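Please read the structure below before turning to the comments.
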Amino acid sequence: MNADVAKQFEVLQARAEKVRAEQDRDHKIVIQVGSATCENAAGARDVLDEFRKHLAASGRDDIVLHQTGCTGRCSREPIVGVFVPGRMPIKYQQVDRAAVHEIFTSHVLGGRPLLDRVLDGPVEKVSRHEILYCASQRCGWDERTACGVAMEKKLRERGISPDEVSVSRTTCFGACGTKEVGKVSHLLVRPDKVLYRVADEADLDEIIQRHVIEGKVVDRLKVPGKTVGRKFFEIYGDVAFFNRQSRVVLRHNGVIDPTSIEEYFHYRGFQALATVLGRGDPQWVISEVTAAKLRGRGGGGYPTGRKWAMGAAAKDKTRYLICNADEGDPGAFMDRSMLESDPLNVLEGMIIGAYAIGAHQGYVYVRAEYPLAIERIDNAIRLCREYGLLGKNILGSGFDFDLEIRLGAGAFVCGEETSLIHSIEGERGQPAIRPPYPTERGLWGKPTVINNVESFANVTAIVNYGAEWFARLGTEESGGTKVFALAGRVRHTGLVEVPMGTTLAEVVSEIGGGAVGGKGIKAVQTGGPAGGCIPAAWLETPVDFDTLAKAGSIMGSGGMIVLDETDCMVDIAQYFMAFSQDESCGKCTPCREGTKRMLEILNRVTGGRGTMEDLDRLRRLALLVKKSSLCGLGRAAPNPVLSTLEHYRDEYLAHVVDRRCPSKKCKALVHYEINAEKCIGCTACARNCPVECISGTRKSPHVIDQARCIKCGRCFEVCRFDAVTRT
Amino acid sequence: MTASTDNWEEVQATSREALGPAIVEYIDECHQDPAPAGKLIAVLHRVQAEYGYLGAAHLDAVAQLLRVPAAKVAGVASFYHFFRLEPRGKHVINVCMGTACYVKGADQIAARLISELGITFGETSSDGMFSLEAARCLGTCGLAPIVMVDDDVHAQVTPDQVPIILDKYLRQATAET
Ligand SMILES: Cc1cc2nc3c(=O)[nH]c(=O)nc-3n(C[C@H](O)[C@H](O)[C@H](O)COP(=O)(O)O)c2cc1C
Ligand code: SF4
Ligand code: SF4
Ligand code: SF4
Ligand code: FES
Ligand code: FES
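Next up, the structure:
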């Protein structure tokens, strides 16, 4: 142990804590507004501005505004939290300027929460206390929910109503050890922020008597210290979308201010780094990460510990570390959210990684399309340098490391590691043949370790909460959680973090709320252009690298697009092929030519000109390109075609044999017409037609000019009188 | 050695003028780096941020001052989608064509924009007001479909909102003149 490191760390902690103490937030009313690309798109900037005005006008100095990143509850943004000391934290959804006025006057000033605006509400009443019980793998007596059920029963027996104390289930707080599996349960009492470990019904009685009734903390049962995800659940534990999730990587999202290093320190920031540098043994880090069974979150799933061991064993002592923040999968946004909401956690993971492999220079390669993420990492790097956490002799350990941001420029292939390296070197981002792997010969010919944003973001949790705990969160082969970006035709879009091995159904149906508009889910697309479509019948598949591969798709980086009956699977295959063809760098023939020819065939099929031979040729070509392409882009590009051909051959046949698109998506195969008898002349269709090809006067039947119709389907969607037919 | 050619002073002067002092200063900083050529993409980003596109004169000047072959500069500029080789309109409209947006009807939005503006992807309206581009994914898929105008992200856009959005920028322009 290096005592100097511990001492220096304490000095920094004290410095940060002093800044925080001056703000004196704990005794004030906190109004929390999200600030991330998604929040801003939904209007969070206006909301913040309006709160500022209201706050200034009120002249109150016991109210503070607090900015956080995003929680990942996209479809309900902007989200605003109002935290009054001693009261349940209230979160509001879809707040706009008018709502700000109401929230401010009624709740902040008047103490009356707006129950109809509550996140995932409306709710009828805010209870005085809420008891959240963990129902994850290791909690519970016999049955996982037994403890919660008993608690609820006891409360009611003693005449305590749900209005006063409500009980809900949630997932792992990270308080569990390994010896007590199935013997103890964990309970969080909100808003008092007390976490209890209970072994039997007598413990429950004691909590009810002493805590709920007498208002005293039961010290005997209290779990000391800060556990993972607890802060998050203290704020968001009542929200159904969140309390089925495990918040490990995203534990600070929507909790801390991403631009403040002082807040990061307050939530155990740099504790992991201090532990690692204090031990002074890079090998220990590698063995922990290996024992945690952390696998790369960028898509490949390569064991991170093994990669780091290779980097550390390289002969050349000049080594580099790169964070891959290119997030190229269109439809994935978890890396962006992490970088915008908790950038210091990613940087801390990188510094630890650099120490493990012995690198002194690192790069964060971010796509240029993420300006806010770039700004936040840039700020985080600056703060780390100011605190001496980047640069020379970090925490007095003698270890030097610095970081630089490099921007991508809109090339998907640059997410591939050898292309990424070329791009950092200022070259065109074309892949190179591997081996040699970057760990042997990478950036400027030196050994280089590249990891994904989320891979790095997991490192601090592994060090702080233990490799053993982390490994057991997941499956036999793969530890920890995975963050998915849920989008498409699902009711609740957003970020979902669940333990590895959770079923697709749980993610998409339980947490995601199923398909929008009550239509059935047809498939779930995972892995983006490199992945495939998993049919609804396979929703019980546990999500993990190996199981998704078996289902004909891949885990990918975590993009998950839900498709319903209105989506045509041939169209989806064509969409991804067009993407891959456009992004093919052109270096090798199978990918450059193969993607082009496959796209031509798919265009013929969706255009109603396909033949049975085309389908055979498509399959053969797909297999050939998969086998013979140089890099992962070409090798994975056929996946969407192969998986849809396998699971949805009937749809391909309908296009080819019957010249029909069953989902009515493929434009060449559908026809829109207005039924003059049903049309009442409301003009809705004419106003919405993008090419203005619908004519007619008010109250008289409308007509579509077929020659100009681009078959977008908008008229069909907006007519409320079923007058537009689609055949 | 480039530095010994007769007109090097002159070439440098023209290049400096083409790029402006801020970028020239940045390039000078890049020469402190052990591998200045590695900064090529960063330099091009700055030029595009300043001038909106990468013109032939800019590319040539970057090649001279960063001391990278002109062919390589051109190759890099044309390889990456993010770089524009033509001037763009006053406002750049990016329609997200990523998977989530596509599934949520981005093609309808695109169709409406194309018909309203009378231009297609990659073009600029004749009055120089708008350029239309297709984006890959702007990372706000949960609020699809997305249209980004300059740095403003418009979420959950419907086709009939398109004229309203355009109007906002047109009115801004009239207010300015
Ligand atoms: C075409 C292509 C695109 C990729 N895009 C990304 C990306 O956007 N982000 C990422 O982290 N990895 C991406 N990868 C995977 C990387 O090559 C690499 O495996 C990964 O960054 C390693 O980090 P990990 O081990 O932490 O997953 C891509 C791979 C290919 C072939
Ligand atoms: S597989 Fe495609 S992207 Fe990869 S090197 Fe070949 S042409 Fe380029
Ligand atoms: S399908 Fe689209 S283009 Fe055709 S008439 Fe309807 S709204 Fe207009
Ligand atoms: S929306 Fe329907 S009812 Fe109204 S004018 Fe169009 S076709 Fe007729
Ligand atoms: S399983 Fe309950 S706290 Fe971890
Ligand atoms: S797919 Fe449009 S923002 Fe991601």
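Sequence order for the protein chains is C and G.
Numbered by the working numbering, the letters in the first sequence go through residues 1 to 727 in order.
Numbered by the working numbering, the letters in the second sequence go through residues 1 to 177 in order.
Where a beta carbon is used, it is the ideal one built from N, C-alpha and C, also for glycine.
Remember, it's a predicted structure, so these values are computed and weren't measured experimentally.
Residue pairing by DSSP places Asn2 (chain C) opposite no residue, since no beta bridge is assigned to it. Distances from the alpha-carbon of Ala325 (chain C) to those of C:Ala314, C:Ser337, C:Lys317, C:Lys315 put C:Ser337 closest.
Closer than 8 Å to the CB of Tyr370 (chain C) there is at least one CB belonging to chain G. By the criterion of a C-beta distance shorter than 7 Å, Arg197 (chain C) is surrounded in its chain by Ala175, Val184, His186, Leu221, Val223, once the five residues flanking it on both sides are discounted. By the neighbour-count criterion, in which 16 or more other beta carbons inside 10 Å mark a residue as buried, His27 (chain C) falls on the exposed side.
The beta-carbon of Phe83 (chain G) is placed less than 8 Å from the nearest beta-carbon of chain C.
Leu563 (chain C) reaches chain G at Val103, counting residues in chain order whose Cβ is nearer than 9 Å. Interface residue (Cβ-Cβ distance to chain C less than 8 Å): Ser115 (chain G) is classified as such.
For Pro330 (chain C), the shortest C-beta to heavy atom distance toward ligand 6 is below 7 Å. Secondary structure note for Glu600 (chain C): it is in no beta strand (DSSP E), and the uninterrupted alpha helix (DSSP H) holding it is 589-606. Exclusion of Gly681 (chain C) from the 7 Å shell around ligand 3 follows from its C-beta lying no nearer than that to any non-hydrogen atom of the ligand. Against chain C, the beta carbon of His58 (chain G) has no neighbour under 9 Å; the closest one sits roughly 15 Å away. Comparing alpha-carbon positions, the option among C:Gly426, C:Val108, C:His671, C:Pro85 lying closest to Gly59 (chain C) turns out to be C:Val108. Counting C-beta pairs with one atom in each stretch, the region 121-137 of chain G and the region 356-363 of chain C have fewer than three that are closer than 8 Å, which means they do not touch. Residues Gly532, Cys533, Gly552, Ser553 of the same chain have their beta carbon placed closer than 7 Å to that of Ser643 (chain C), with the five preceding and five following residues left out of the count.
If you look at Glu583 (chain C), you'll find it in the alpha helix (DSSP H) that goes 569-583.
Secondary structure of Ile79 (chain C) (DSSP, three-state): coil. Taking 8 Å as the cut-off, the Cβ atoms of Thr595 (chain C) and Met577 (chain C) count as close. Distance from the Cα of Arg16 (chain G) is smallest, within the candidate group G:Ala42, G:Val47, G:Ala35, for G:Val47. Between Ala63 (chain G) and Gly38 (chain G), the alpha-carbon positions lie close to 13 Å from each other. Not a single heavy atom of ligand 3 lies less than 7 Å from the C-beta of Pro701 (chain C). Judged by beta-carbon spacing, Lys91 (chain C) lies within the 8 Å limit of Val118 (chain C), meaning their Cβ atoms are closer than that value. Annotation: the region 414-501 of chain C contains the following complete segments of the beta strand (DSSP E) (minimum length 3 residues), in chain order: 448-452, 481-488, 494-499.
Judged by DSSP secondary structure, Lys125 (chain C) falls outside any beta strand (DSSP E); it is assigned neither H nor E.
Think of a sphere of 7 Å around the beta carbon of Tyr80 (chain G): the chain C residues whose beta carbon falls inside it are Ala409, Gly410, Ala411, in chain order.
At least 8 Å separates the CB of Gln161 (chain G) from every CB of chain C. Residue range 371-386 is occupied by the alpha helix (DSSP H) that includes Arg376 (chain C). In the structure shown, the three-state DSSP call for Ile680 (chain C) is coil. No Cβ of chain C is located within less than 8 Å of the beta carbon of Ala175 (chain G). A direct Cα-Cα distance of roughly 38 Å separates Ser115 (chain G) from Ser419 (chain C). Counting along the chain, no beta strand (DSSP E) covers Ile114 (chain G); the unbroken alpha helix (DSSP H) around it starts and ends at 106-117. The beta carbon of Leu504 (chain C) is closer than 7 Å to those of Val524, Ile534, Leu539, Thr541, Val543 in its chain, skipping five residues each way along the sequence. A direct Cα-Cα distance of roughly 8 Å separates Gly558 (chain C) from Leu486 (chain C).
In terms of side-chain proximity, the C-beta atom of Asn451 (chain C) is found nearer than 7 Å to a non-hydrogen atom of ligand 1. Inclusion of Ser695 (chain C) and Ala686 (chain C) in the CB contact set at 8 Å is warranted, their separation being smaller than that value. Restricted to the region 37-97 of chain C, the alpha helix (DSSP H) segments that are unbroken, complete and at least 4 residues in length are 37-42, 44-58, listed in chain order.
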